[in-house]
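Structure first, commentary second.
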Amino acid sequence: MTSPILTSITDRTTRLELFRSMLRIRRIEEEIARRYVEQRMRCPVHLSVGQEGAAVGVCSVLRTTDPIVSTHRCHAHYLAKGGDLRAMIAELHGKATGCCGGRGGSMHLFDPAVSVLASVPIVGSNVPLAVGAALAAKQRGRCDVAVAFFGDGAFEEGVVHEAANFAGCHRLPVVFVLENNLYSVYTPIEERQPERPLVAFAETHGLFAEHTDGNDVVAVHEAAARAVVRARRGDGPSLLVVDTYRFLEHCGAADDDHLGYRPKGELARWQARCPITRLRRALRDAGEIDEATLDAFESEIAAEIVDAFVAADLAPQPAAHTAMESVHA
Amino acid sequence: MTSPILTSITDRTTRLELFRSMLRIRRIEEEIARRYVEQRMRCPVHLSVGQEGAAVGVCSVLRTTDPIVSTHRCHAHYLAKGGDLRAMIAELHGKATGCCGGRGGSMHLFDPAVSVLASVPIVGSNVPLAVGAALAAKQRGRCDVAVAFFGDGAFEEGVVHEAANFAGCHRLPVVFVLENNLYSVYTPIEERQPERPLVAFAETHGLFAEHTDGNDVVAVHEAAARAVVRARRGDGPSLLVVDTYRFLEHCGAADDDHLGYRPKGELARWQARCPITRLRRALRDAGEIDEATLDAFESEIAAEIVDAFVAADLAPQPAAHTAMESVHA
Amino acid sequence: MPDAARMSAPRIINAAAAIREATASAMRSDDRVFVMGEGATDPKGVFGTTAGLLEEFGKGRVMEMPVAENGWTGIAIGAALCGQRPILVHQRVEFSLLAMEQLVNNAAKIHYVSGGRHRAPLVVRLVVGRGWGQGPAHSQSLETLFAHIPGLKVVMPSSAADAKGLLLGAIEDDGPVIMIEHRWVHFAQGHVDEGAVAMPLDGPRRLREGDDCTVVATSYMTLEALQAVDALAAGGCNVDLFDLRVLRPLRLDAIIESVRRTGRLVTVDTGHATYGIGAEIVARVLTEAFGSMKAAPCRIGLPEHPTPSARSLAEVYYPRSPLIATRIAEVVGLPAHRIAELAHALGTTRDAVPLDIPHPSFKGPF
Amino acid sequence: MPDAARMSAPRIINAAAAIREATASAMRSDDRVFVMGEGATDPKGVFGTTAGLLEEFGKGRVMEMPVAENGWTGIAIGAALCGQRPILVHQRVEFSLLAMEQLVNNAAKIHYVSGGRHRAPLVVRLVVGRGWGQGPAHSQSLETLFAHIPGLKVVMPSSAADAKGLLLGAIEDDGPVIMIEHRWVHFAQGHVDEGAVAMPLDGPRRLREGDDCTVVATSYMTLEALQAVDALAAGGCNVDLFDLRVLRPLRLDAIIESVRRTGRLVTVDTGHATYGIGAEIVARVLTEAFGSMKAAPCRIGLPEHPTPSARSLAEVYYPRSPLIATRIAEVVGLPAHRIAELAHALGTTRDAVPLDIPHPSFKGPF
Ligand SMILES: Cc1ncc(C[n+]2csc(CCOP(=O)(O)OP(=O)(O)O)c2C)c(N)n1
Ligand SMILES: Cc1ncc(C[n+]2csc(CCOP(=O)(O)OP(=O)(O)O)c2C)c(N)n1
Ligand SMILES: [Mg+2]
Ligand SMILES: [Mg+2]
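Chains as they are written, first to last, in our numbering: chain G, 1 to 329; chain E, 330 to 658; chain S, 659 to 1024; chain A, 1025 to 1390.
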């Protein structure tokens, strides 16, 4: 789990970009958490605090035209892929300017402009959509690579196996990104699955496999790059198992260590491996980043966040009479 | 694929019993095929001609109390487990004396007396039932071992993965018997699945794995014995991949080589490996069976078959007014 | 009727061939249309409805599916979101139960939840099995499960012409359309234009005119109802007979107008009666035409138990034209002896053919 | 009422606690009863309905499930066939869509197809989500999909006492019973006997008496209907109010008898109106009580689109007591100004509380 966090393959600019992107997602979700108690974001939220490395590492190797599908925990994926921040915050506030016009809430984020195809709140249900996107790309002769993000719980859904079998059989350009944060809601993975390497899934369905430390964004970035290159080259699909950890409660914005479902010290151990802190330290040690740059990042991000929340506050609610619209295309 | 058909582990009595059981199933299905054209068995039939080795090899190591679940292609499993022949033939004729009272037809055979728990015509749908039977055995402190028979098509259903994951996680006493006859209806496995060893499934779900030549009933018998012993001992579930081949059409009783979906010569090659012919030859060569015994087998079986069909002919149809009964328990 | 259609020579083909023809022409005119199904490319070609497509369009557009209904339904939805127009086919309604989650949560809702920006243009063809003792898991007519879901459209053709026209309409539709094909309707022969003319998915069609009673039928039961209605007409009782065709969105204006005139309503559908299609028709029509009702309505559907395999049980399970004629006559209030005569006459012809196959020559596939 | 119940001290608890209590007592008295669910053993204990069971009965009987609904439903059915009596719980109705095949083909039919020899005694608890912008995939009330299937029994409690009694009845039942729990009913407070008295799954209960109109409600909408009916009573309009409770098997005798008296019918359920529960009630009642109807019936249900997340849209999505009172008053034929007054008075109280949570103090889980 301790891959060298700075490698020769990845250059400094990329490393700074990876850092900035993770920091931005963290700050945005911290602000959501801070404001959630005000109860003006009246929809369930599933924060990715602690898991930014997976989203950023993977999306950093994708093109704008590469479609991704996400889950109930979609903020980080949406943002890492370049999804519009204002549209996201507005959606959380149920405003007409939200990416779904307020109809979906935090679990349905999507942004066609950057190919965030869809986020789906039903566990596992999003995975075949990515395989379908890969099929469409192949049928239309596009060189897009589709990515399915899903968790260790989704891994138990039969539909994920069905989708992987199809992708493996047709050698489709898709990458299955399994973010193993060790829990489905409050239930640890060992109560739900047998003990065995998760990558075994790849052999069953004819996929290539990569297994990386999800809290080492550079490692994720490089593993994802290999998977995406294979897919774009036409060599076929890959499974990317990413080990990571959720710092906050499953649904909502609070700490939940007091509930006692996490073994003592587990959270602290993982917090010590925070993907952002680790990269910041490495960049500092390597002299690749100075305080001025850090401050610049922070203040740019802060400004962007204020802007998005102000815009959401000012935005109108969807008009009641529009509720009936767009049932049929 | 050419394991020594007679081994030291299995004794002569067992070998003769394996042979007799396969021969009996073959003769019964041949008679069904012969009479099916008369259209008095007015329900779809899925014959196992050519696949008897799997059913007989596995059931030969089971106790009467060990529950099995089967599929649309259930005749061989039902008979190998000791299911009542008269009740089966009557069911195919839609008679009140059928195992389902005529309500199910050929795809719903079951016989509580010998723990043929259920046959299910929806592909893959039977597999979790076996896991549930294993769970019940564990909960009740019984030492039963449950067996799920399913095909290479069912292998693609997500529910089979879900059931296997659960069995692997809880180390349940269940054996998953995958009869790979290379086809789902008319579609060859390579059009439906990636190229990889089917046993990979076992590692994904924490199962032990056995892979055997299904047309060598002795090999199946011994592999099944290992799996069942592990399960009964409490070591956990196994996957048993059995390679075999269907000689007749998928649904119905006719030859279908003329349809051209089987590569030229494939059927002939597998017919040359007929599990019954092979064992008969081996037994003869080893001097373990003589013509008298063979004739005795044939005539006993023939008599049993005539009896069952006569009984079915004479049996009453279920009375129309009973159609409404037993909707709720 | 557009020229293409008017000019084409009259031809008699059955609904299975009409479906094949609609699919082929849609695939020719739009290369985003493709077929997915278990058996789509096999020698039987899904009861002939996909026969020959592989040869013309190749494996890339006529795709054989693994036995993984939920998975490939989700894959179809993903492809549709990216601009493709898949046609999915399941050889039995029951198999699609495995895909309910994808259909109900993703296909039906993604256009709405995206504020109208996402489109999921897909057609899901489901076949209702009947006969030959295929039993409880291969014979369900579960249209209610789909018709109840906002965001889906649901059509049930009862003729060769509608099978072609409604399928073309479904393929042109930018949203998910479920087309439920009764296996016995596949054998329905009729005039079908050679031209590819999509029918709007916009409601019922009147098949017979009359002032004595309004009858609304769906799918195969429309054919049984036709026999009953024509027998009644011969007996001087004239029925306004509608084939519902489109279950969602549900347009009942013409039927309500008819009931305002006849004051009587009988529904005949292929599913279980309780919470079935007939319930919605009766509830809505009696609400709208309340003041005009002259007699209590009558619903004809399947009894409240699974489909038994045995012929002796299936015979009493499926309502047939004599029963339909009887119920209509009762609602109209014909004298008991007239009703008995009618039913008897109809029975002798209807029950002369085997009751567990669509017609005597039938030898499967089931 | 049996002694156990009569003797027990009166207590006020909510439906979630009542469900927990019913489960615990059934598990104590029958060691074949066990619980399966995602979250069954977690700190939230499925909205408190399984809280503490793990501590009392252990992992062997309170089983945490993988996220694999179809699989563990089939496993439950297999265990039930072997004599166990599983209670399955899904935190949302939507998750059970993945298990439709097992429930509709195996659970519902195996007793019938085995000629009555197989038994599948299982209870499937489904929770209907509402509020807090949880949106289209966590808020569906799809009881029609289950109520349409012969072989299943379907119950929907609206009170704490019924939640306990119907669950005990469901657990005692030798076949599959679907119990649909509206999340907001979990908060319904009421007197619940300490004794474990199973209620027969045999139909509706009259909650209010009156001769002006018959109202049939289900689940949470019964609570909204009660507000409406009591407001009407204050205004001198007396309603016969029924809580349907059991959707299948459907016993409408008492309701039909009531409508014969009132000549008026309004239904209020938690699902989409089209092809919904109200359709069957209206169709059957109007057929049976045809001659007695004085006014057109009225159905109140959800509009024909998915549940929007935004509060401004959800507000107009869910019918509330003022609307129910208005519709009833219209059916009864009260003068327009009386109706307006009523609705206004009711609105000021009803809409004083937040509209997207069950009551002001509510902080989830949703
Ligand atoms: C089919 C289905 N079952 C159950 C749920 C309830 N649920 C919501 S999130 C979640 C946890 C899923 O765990 P995982 O896939 O590991 O994602 P994570 O929350 O850890 O990111 C569950 C069970 C659901 N949304 N869909
Ligand atoms: C869920 C489902 N999908 C499709 C079918 C149609 N069908 C019946 S048998 C069969 C073939 C299954 O192949 P396999 O599991 O290998 O069994 P085999 O027929 O080869 O014994 C199919 C697809 C079905 N019965 N159930
Ligand atoms: Mg997780
Ligand atoms: Mg096979």
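Every residue gets a Cβ at the ideal spot worked out from N, C-alpha and C, and that includes glycine.
For clarity, every value in this text was computed on a predicted model and none was experimentally measured.
| Check | Outcome |
| --- | --- |
| Answer yes or no: the CB of E:Ala-405 versus the heavy atoms of ligand 2, is any distance below 8 Å? | no |
| So who's on the other strand from G:Ser-70, going by DSSP bridges? | G:Ser-119 |
| Measuring alpha carbon to alpha carbon, tell me which residue in A:Ile-1279, A:Leu-1105 and A:Leu-1078 is nearest A:Ala-1131. | A:Leu-1105 |
| Along the alpha helix (DSSP H) that carries E:Ala-600, what are the first and last residues, could you check? | Note that residue 600 of chain E corresponds to Gln in the displayed sequence, not to Ala. Element bounds for E:Gln-600: 595-600. |
| Should E:Glu-486 be counted as a contact of ligand 4 given a C-beta to heavy atom distance under 8 Å? | no |
| Can you give me the Cβ contacts of G:Ala-90 inside the same chain, cut-off strictly under 6 Å, excluding the 5 residues immediately before and after it? | Thr-97, Gly-98, Ala-312 and Ala-315 |
| Between the C-alpha atoms of S:Gln-760 and E:Glu-360, what's the straight-line distance to the nearest angstrom? | 44 Å |
| Could you tell me the distance, in whole angstroms, from the CA atom of E:Val-443 to the CA atom of E:Val-549? | 21 Å |
| Taking the alpha-carbon of A:Glu-1328 as reference, which of A:Gln-1164, A:Val-1147 and A:Ile-1134 has the nearest alpha-carbon? | A:Gln-1164 |
| Mind checking the stretch 272-284 of chain G against chain E and listing, in chain order, the residues whose C-beta falls within less than 8 Å of any C-beta there? | none |
| Step through the CB atoms of chain E and report whether any lies within less than 9 Å of the CB of S:Phe-753. | yes |
| Quick one, which of G:Ile-289, G:Val-147 and G:Arg-20 has its alpha-carbon nearest G:Ser-70's? | G:Val-147 |
| For E:His-375 and chain A, any beta-carbon pair shorter than 9 Å? | no |
| Let me see if you follow: with CB-CB separation under 9 Å, is E:Gly-480 close to chain A or not? | no |
| Going by the C-beta, is G:Arg-12 closer than 8 Å to any heavy atom of ligand 4? | no |
| At a Cβ threshold of 9 Å, is G:Arg-233 touching chain E? | no |
| Ligand 3 heavy atoms versus the CB of G:Gly-151: any closer than 8 Å? | yes |
| May I ask which residues mark the beginning and end of the beta strand (DSSP E) holding S:Leu-784? | 781-786 |
| Could you tell me the alpha carbon to alpha carbon distance between E:Thr-339 and E:Val-558, rounded to whole angstroms? | 15 Å |
| Leaving out five residues on either side along the sequence, give the residues of the same chain with a beta carbon under 7 Å from the beta carbon of E:His-401. | His-375, Met-436 and Pro-450 |
| Output the distance between the C-alpha atoms of G:Glu-304 and S:Gly-833, rounded to the nearest integer angstrom. | 37 Å |
| Give me the subset of the stretch 137-161 of chain G whose CB atoms are less than 7 Å from a CB atom of chain A, sorted by chain position. | Gly-153, Ala-154, Glu-156, Glu-157 and Gly-158 |
| Against E:Tyr-590, what residues of chain S qualify as contacts under a CB-to-CB distance less than 9 Å, listed in chain order? | Asp-700 and Pro-701 |
| Using 9 Å as the limit for Cβ to Cβ distance, is G:Arg-103 near chain S? | yes |
| Name the residue from A:Ile-1099, A:Ile-1101 and A:Ser-1053 whose alpha carbon lies nearest to the alpha carbon of A:Phe-1081. | A:Ser-1053 |
| Alpha carbons only, please: which of G:Val-131, G:Asp-255 and G:Glu-157 is nearest the one belonging to G:Leu-207? | G:Val-131 |
| Mark A:Gly-1315 as exposed unless 16 or more other C-beta atoms lie within 10 angstroms of its C-beta, in which case mark it buried. | exposed |
| Do you know whose CA, among E:Ala-492, E:Gly-433 and E:Leu-458, lies nearest S:Gln-792's CA? | E:Gly-433 |
| Might you give, ordered along the chain, the residues of its own chain that have their beta carbon closer than 6 Å to the beta carbon of G:Met-1, omitting 5 neighbours on each side? | For G:Met-1, the pLDDT reaches just 36, beneath the cut-off of 50, and the residue's location in the model is therefore unreliable, although a value from the coordinates is still provided. Closer than 6 Å at the Cβ level, and outside the excluded window around G:Met-1, lie Asp-213. |
| Thinking just about the alpha-carbon of each residue, which of S:Thr-876, S:Val-771 and S:Gln-742 is nearest to the one in S:Ala-821? | S:Thr-876 |
| Is A:Tyr-1299 close to chain G? Criterion is C-beta to C-beta, closer than 9 Å. | no |
| Pull up the CB-CB distance for S:Pro-744 and S:Met-814, whole angstroms please, since I reckon it's below 8 Å. | With a Cβ gap of about 20 Å, S:Pro-744 and S:Met-814 do not count as contacting. |
| Just reading off the beta strand (DSSP E) that A:Lys-1177 is part of, what are its end residues? | 1177-1179 |
| Around the C-beta of A:Ile-1043, are 16 or more other C-beta atoms found within 10 angstroms, so that it is buried, or is it exposed? | buried |
| Tell me, please, whether the CB atom of G:Ala-96 is closer than 9 Å to any CB atom in chain E? | no |
| Name the chain G residues whose beta carbon is nearer than 8 Å to that of E:Ala-529? | Ala-200, Glu-203 and Thr-204 |
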